[in-house]
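J.: Top line first, the protein sequences correspond to chains A and B.
For the first sequence, position 217 matches number 217 in the numbering used here, and the numbering has no gaps at all.
Take any residue in the second sequence, note its place counting from 1, add 1000, and you have its number in the numbering used here.
For each residue, glycine too, the CB sits at the ideal point set by N, CA and C.
There are 2 protein chains.
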Amino acid sequence: MVRLMPGKRAKQPKLKKKAGVFDVAREAGVSVATVSRAFNLPDIVSEDVRRRVLATAQNLGYAANPAAKALRSRKTHIVGAAIPTLDYAIFAKMINHFQDSFAQHGYMTIVATTGFEHANVFEKVKTLVDRGAEALLLVGAIEDPALVSYLKRPHIPVVTTYSYLPDEIVPCIGFDNYAATESAMEYLADLGHRNFAMIAGSPKGSDRQRARIAAYKDFVGSRNLHGAANIIIRNFTIRDGTEAIRAILDKYPETTAVVCNTDVMAFGALSESRRLGIRVPQDISIVGFDDAEYAAQLEPPLTTIAVPAEEMGRLAAEMLHSSLSNGEPPRFVRLDSHLIVRKSACPPRALKQLRLAAAV
Amino acid sequence: MVRLMPGKRAKQPKLKKKAGVFDVAREAGVSVATVSRAFNLPDIVSEDVRRRVLATAQNLGYAANPAAKALRSRKTHIVGAAIPTLDYAIFAKMINHFQDSFAQHGYMTIVATTGFEHANVFEKVKTLVDRGAEALLLVGAIEDPALVSYLKRPHIPVVTTYSYLPDEIVPCIGFDNYAATESAMEYLADLGHRNFAMIAGSPKGSDRQRARIAAYKDFVGSRNLHGAANIIIRNFTIRDGTEAIRAILDKYPETTAVVCNTDVMAFGALSESRRLGIRVPQDISIVGFDDAEYAAQLEPPLTTIAVPAEEMGRLAAEMLHSSLSNGEPPRFVRLDSHLIVRKSACPPRALKQLRLAAAV
DNA sequence: TTGTACGCGTTATCAG
DNA sequence: CTGATAACGCGTACAA
């Protein structure tokens, strides 16, 4: 451990590990405390000293070690988000805004993808927390009992999105999925439809799907309409939509209106209908859910339910952030979703013929 | 500051700050070093002691403080990604896989969005590095001179994606954008097209757009075809595609083949064409770029260039990870892109009539 | 195999 | 307004 030419150490830039507070302090002729203050509490340090410190820091390429900073200050400035996947525009868009809003407050976002098995989310949440996340964004209802009891003990601020669940154990920033589907059904029923079918995603692990399915069943049931059981469960790709519409045409040929639980599925249903020579909306009405970017550009333009993805992301970030700074807990927020009427739904065929006859 | 009933402190779970190595050590009747070892070097601690430590740790809800751990071990287990936006499927998909691959090695990903101004990326990169990112994923060529010189000094492993740039200062994992567009042009020219137009995104800040535009110009120019200057620059929404195709139809009515630099634009071009009563591909051929999920479902199914988004994300993660563990530097990787021939392009009208005549 | 003791780079506390 | 110094919680030589 004999050091040769110890004097060289300070002069050789190559060996310079990394400038720390101490180096800056020495170079600027102040104490380490002052250096720290120059950065974190600029107001309580004299003008000239601060300038000098900041200048030499800049000069030395100093940047505070985040780990040391986090250790001492007990603030990581990291937040976490656990979502099913980034591969869905609807989640990516929300995260994009969430991350962006938080970034403006100096927070970085770590996103963990859980897939659609809610078995994974507890594990991911723990990882996120263990990683020092100071706040958390989740999606949908908390299904895993273990996660429920974990979240019951006060840890860090958490919000869940996409669903409005007044009874949830954590605050939610979402919309009423049940009401949303209901409004679509109502629109269709008002148009004169009586034979329905639904294309849904798996209800396992998704309270959103369950709510939409329940709304469908309840609506059809309570109004004595047909098709309460005509629900095709598939995944969330376009191809699933194409398969589902074929199944509906095959098994429930009397159907005149199909409600899709995502625009992706509706996309598939629309394009497969065209391929099959079924005209939309003349032969069959189709509505979607999400109001994806392409919804208005489909043929025909898709009637669908607009979902406040950006707003959920932004609001979740804002509320979580004020919870972090003011300590005021996030509130339950019910955002609006509304039906965007375009051209993929119209009165059913028989009814139109009836009306035509009546007009004559 | 008088503490009443000080004895209660240990009994009240509410006041229990957080279990640390020390607490676990005391509870398990071992030293803190053993606790640490039980987690990090399980092999060098006796079976029963390890079990006991792990059990009491579990029991106390102990989790190592990531900041302290990072400070001491000089490893944050965090990597960063700076991308334009998560709102584009193509980037979201890449990040999804990048993040997923790295997560399997115990790394969390922080993503920073820069928008399409490359002025922002240097700042974001510094933020990422200051936050303790041990490796970085970038998109495209490094444009900002400041960032170039920053990356020239050895910091942390960095790769850039989406472009194959052999001369880049950091390794890249991408594909040849020039060759990709060229292959589409070649396909179109072989079909008999002689009048071209292009729908492009802004070349500012995107070497991908520049490469595709250059390929277009070179191809048209070198083969004495028409339309080398017929390039409509727009943004990356469907609506931009609709506007662009109108502009082309209006300003360059002789056009028979248009190459779009993203599928989103092609989507807009396709749907607007239909609205205008222009038949694709009979009246005009359109090709896209990306092979988005919906490309095959459009009417007509879109001929487009498939891009290895997942593979770039996964490979970037793998290479960065081995760079982190083995020290072996990331390599330059040229991935394949290839033209997916579907139905949105066919021989131009005049030519078909000619052929028809010849056949008679 | 296990324990002791020190240091990682900051920020917070307390004097001055 | 500034300086000295004690934590922050963990990993790891070194000693036992």
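Residue ranges of each beta strand (DSSP E) run of no fewer than 3 residues wholly in the stretch 119-173 of chain A, ordered along the chain?
T.: As far as the stretch 119-173 of chain A is concerned, its whole beta strand (DSSP E) runs of at least 3 residues are 136-139 and 158-161.
J.: Less than 7 Å between the beta carbons of T303(A) and V287(A), yes or no?
T.: As a working note, residue 303(A) is residue 303 in the first sequence. As a working note, residue 287(A) is residue 287 in the first sequence. Yes; because the gap between Cβ atoms is below 7 Å, this pair is in contact.
J.: Give, in chain order, every residue of the stretch 75-101 of chain A whose Cβ lies closer than 7 Å to some Cβ of chain B.
T.: T76, T85, L86, D87, A89, A92, K93, I95, N96, Q99 and D100
J.: Does the beta carbon of D283(A) sit closer than 7 Å to a beta carbon anywhere in chain B?
T.: The residue you call residue 283(A) lines up with position 283 of the first sequence. Not one chain B Cβ lies under 7 Å of D283(A).
J.: Which of helix, strand or coil does DSSP assign to A215(A)?
T.: Here the question's residue 215(A) lines up with position 215 in the first sequence. Here A215(A) sits in helix by DSSP.
J.: With F1219(B) and E1272(B) assumed to form a contact (beta carbons below 8 Å), what rounded beta-carbon distance in angstroms separates them?
T.: Position 219 of the second sequence, counting from 1, holds the residue named residue 1219(B). Position 272 of the second sequence, counting from 1, holds the residue named residue 1272(B). 25 Å between Cβ atoms; not a contact.
J.: Starting from F1102(B), follow the alpha helix (DSSP H) in both directions and report where the run begins and ends.
T.: For the purposes of this step, residue 1102(B) is taken as the residue at position 102 of the second sequence. From DSSP, the alpha helix (DSSP H) with F1102(B) extends over A1089 to A1103.
J.: Please list, in chain order, the chain A residues whose beta carbon lies closer than 8 Å to that of S1271(B).
T.: As a working note, residue 1271(B) is residue 271 in the second sequence. Among the residues of chain A, those whose CB is under 8 Å from the CB of S1271(B) are Q297, L298 and E299, following chain order.
J.: Give every residue of the same chain whose Cβ lies closer than 7 Å to the Cβ of H1155(B), excluding the five residues on either side of it in the sequence, and list them in chain order.
T.: As a working note, residue 1155(B) is residue 155 in the second sequence. Once the five neighbours on either side are set aside, the close Cβ partners of H1155(B) are V1129.
J.: Mind the definition here: the stretch 1225-1243 of chain B touches the stretch 1254-1265 of chain B only if three or more C-beta pairs lie below 8 Å; say whether that holds.
T.: yes
J.: Using 8 Å as the cut-off, can you tell me whether the stretch 1128-1142 of chain B makes contact with the stretch 1078-1090 of chain B, which would need three or more C-beta pairs spanning the two stretches below that distance?
T.: yes
J.: Just how far apart, CA to CA, sit N235(A) and E243(A)?
T.: Locating residue 235(A) in the first sequence gives position 235, counting from the first residue. Locating residue 243(A) in the first sequence gives position 243, counting from the first residue. So the two alpha carbons sit approximately 10 Å from each other.
J.: Using CA coordinates, which residue listed in L1249(B), F1196(B), E1293(B) and I1232(B) is at the minimum distance from R1274(B)?
T.: Residue mapping note: residue 1274(B) aligns to position 274 of the second sequence, counting from 1. Selected option, being the one with the closest Cα: L1249(B).
J.: Would you be able to state if there are at least three C-beta pairs under 8 Å between the stretch 1094-1105 of chain B and the stretch 162-177 of chain A?
T.: no
J.: Just how far apart, CA to CA, sit A146(A) and S1337(B)?
T.: Along the first sequence, one-based indexing puts residue 146(A) at 146. Along the second sequence, one-based indexing puts residue 1337(B) at 337. Going from the Cα of A146(A) to the Cα of S1337(B) covers about 45 Å.
J.: Taking the continuous beta strand (DSSP E) assigned at T1181(B), which residues delimit it?
T.: As a first step, residue 1181(B) is located in the second sequence; it is residue number 181 there, counting from the start. Taken as a continuous stretch (DSSP letters only), T1181(B) belongs to no beta strand (DSSP E), being part of the alpha helix (DSSP H) at N1177 to L1191.
J.: Rounded to the nearest angstrom, what separates S1036(B) and V1021(B) at their Cα positions?
T.: The count along the second sequence starts at 1 and reaches residue 1036(B) at position 36. The count along the second sequence starts at 1 and reaches residue 1021(B) at position 21. Between S1036(B) and V1021(B), the C-alpha separation is close to 7 Å.
J.: Relative to chain B, which residues along the stretch 107-119 of chain A have a C-beta separation below 9 Å, given in chain order?
T.: M108, T109, I110, V111, A112 and T113
J.: State the start and end residues of the unbroken beta strand (DSSP E) segment that holds I78(A).
T.: For the purposes of this step, residue 78(A) is identified with residue 78 of the first sequence, where counting begins at 1. Counting along the chain, the beta strand (DSSP E) containing I78(A) begins and ends at I78 to I83.
J.: Counting only beta-carbon atoms, is Y1162(B) nearer than 7 Å to chain A?
T.: The residue you call residue 1162(B) lines up with position 162 of the second sequence. Chain A, which has no Cβ nearer than 7 Å to the Cβ of Y1162(B), makes this no.
J.: What would DSSP say about N1195(B), mapped onto helix, strand or coil?
T.: Within the second sequence, the letter at position 195 stands for residue 1195(B). Residue state, collapsed to three classes: strand.
J.: Please report the straight-line C-alpha distance between K1204(B) and G1221(B), rounded to a whole angstrom.
T.: Translated into the one-based positions of the second sequence, residue 1204(B) becomes position 204. Translated into the one-based positions of the second sequence, residue 1221(B) becomes position 221. Rounded to the nearest angstrom, the two C-alpha atoms are 22 Å apart.
J.: Taking the beta carbon of G327(A) as the centre, do at least 16 other beta carbons fall within 10 Å, making it buried, or is it exposed?
T.: The residue given as residue 327(A) occupies position 327 in the first sequence. Counting Cβ neighbours within 10 Å, G327(A) comes out exposed, since fewer than 16 surround it.
J.: Going along the chain, which residues of the stretch 1217-1244 of chain B sit with their C-beta nearer than 9 Å to a C-beta in chain A?
T.: T1237, I1238, R1239, G1241 and T1242
J.: For V79(A), which of C346(A), P347(A) and E318(A) has the nearest alpha-carbon?
T.: In the first sequence, residue 79(A) corresponds to position 79, counting from 1. The shortest Cα separation from V79(A) among C346(A), P347(A) and E318(A) belongs to E318(A).
J.: Which word fits D290(A), buried or exposed, when buried means at least 16 other C-beta atoms lie within 10 angstroms of its C-beta?
T.: The count along the first sequence starts at 1 and reaches residue 290(A) at position 290. D290(A) should be labelled buried.
J.: P1066(B) CB to nearest chain A CB: under 7 Å?
T.: Residue mapping note: residue 1066(B) aligns to position 66 of the second sequence, counting from 1. Yes, P1066(B) counts as interfacial toward chain A.
J.: Could you give the first and the last residue of the continuous alpha helix (DSSP H) run that contains I248(A)?
T.: The count along the first sequence starts at 1 and reaches residue 248(A) at position 248. In the DSSP assignment, I248(A) falls within the alpha helix (DSSP H) that extends over I238 to K251.
J.: Under the DSSP definition of a beta bridge, which residues are partnered with I231(A)?
T.: Locating residue 231(A) in the first sequence gives position 231, where the first residue counts as 1. Answer is M198(A).
J.: Does the beta carbon of R131(A) come closer than 7 Å to any beta carbon on chain B?
T.: Walking along the first sequence from the start, residue 131(A) turns up at place 131. Yes, because at least one Cβ of chain B sits closer than 7 Å to the Cβ of R131(A).
J.: Just to confirm, are V1170(B) and L1151(B) a CB contact at a threshold of 7 Å?
T.: By one-based count along the second sequence, residue 1170(B) stands at place 170. By one-based count along the second sequence, residue 1151(B) stands at place 151. The answer is yes: Cβ separation under 7 Å.
J.: Excluding the five sequence neighbours on either side, which residues of its own chain have a C-beta within less than 8 Å of the C-beta of T1109(B), listed in chain order?
T.: For the purposes of this step, residue 1109(B) is identified with residue 109 of the second sequence, where counting begins at 1. The residues are I1078, V1079, G1080, A1081, I1095, F1098, Q1099, F1102 and A1103.
J.: At 3 residues or longer, and completely inside the stretch 279-351 of chain A: list those beta strand (DSSP E) runs for me, N to C.
T.: 285-287, 304-306, 333-335 and 338-340
J.: Go through its chain and collect everything with a Cβ distance to V148(A)'s Cβ below 8 Å, but skip five positions before and after it.
T.: By one-based count along the first sequence, residue 148(A) stands at place 148. Closer than 8 Å at the Cβ level, and outside the excluded window around V148(A), lie I142 and I169.
J.: Please report the straight-line C-alpha distance between G241(A) and P1308(B), rounded to a whole angstrom.
T.: Translated into the one-based positions of the first sequence, residue 241(A) becomes position 241. Translated into the one-based positions of the second sequence, residue 1308(B) becomes position 308. Distance between the alpha carbons of G241(A) and P1308(B): 25 Å.
J.: Taking Cβ to Cβ, would you say I1305(B) is nearer than 7 Å to L1339(B)?
T.: What you label residue 1305(B) is simply residue 305 of the second sequence in a count that begins at 1. What you label residue 1339(B) is simply residue 339 of the second sequence in a count that begins at 1. Yes, the pair counts as a contact, with Cβ atoms nearer than the cut-off.
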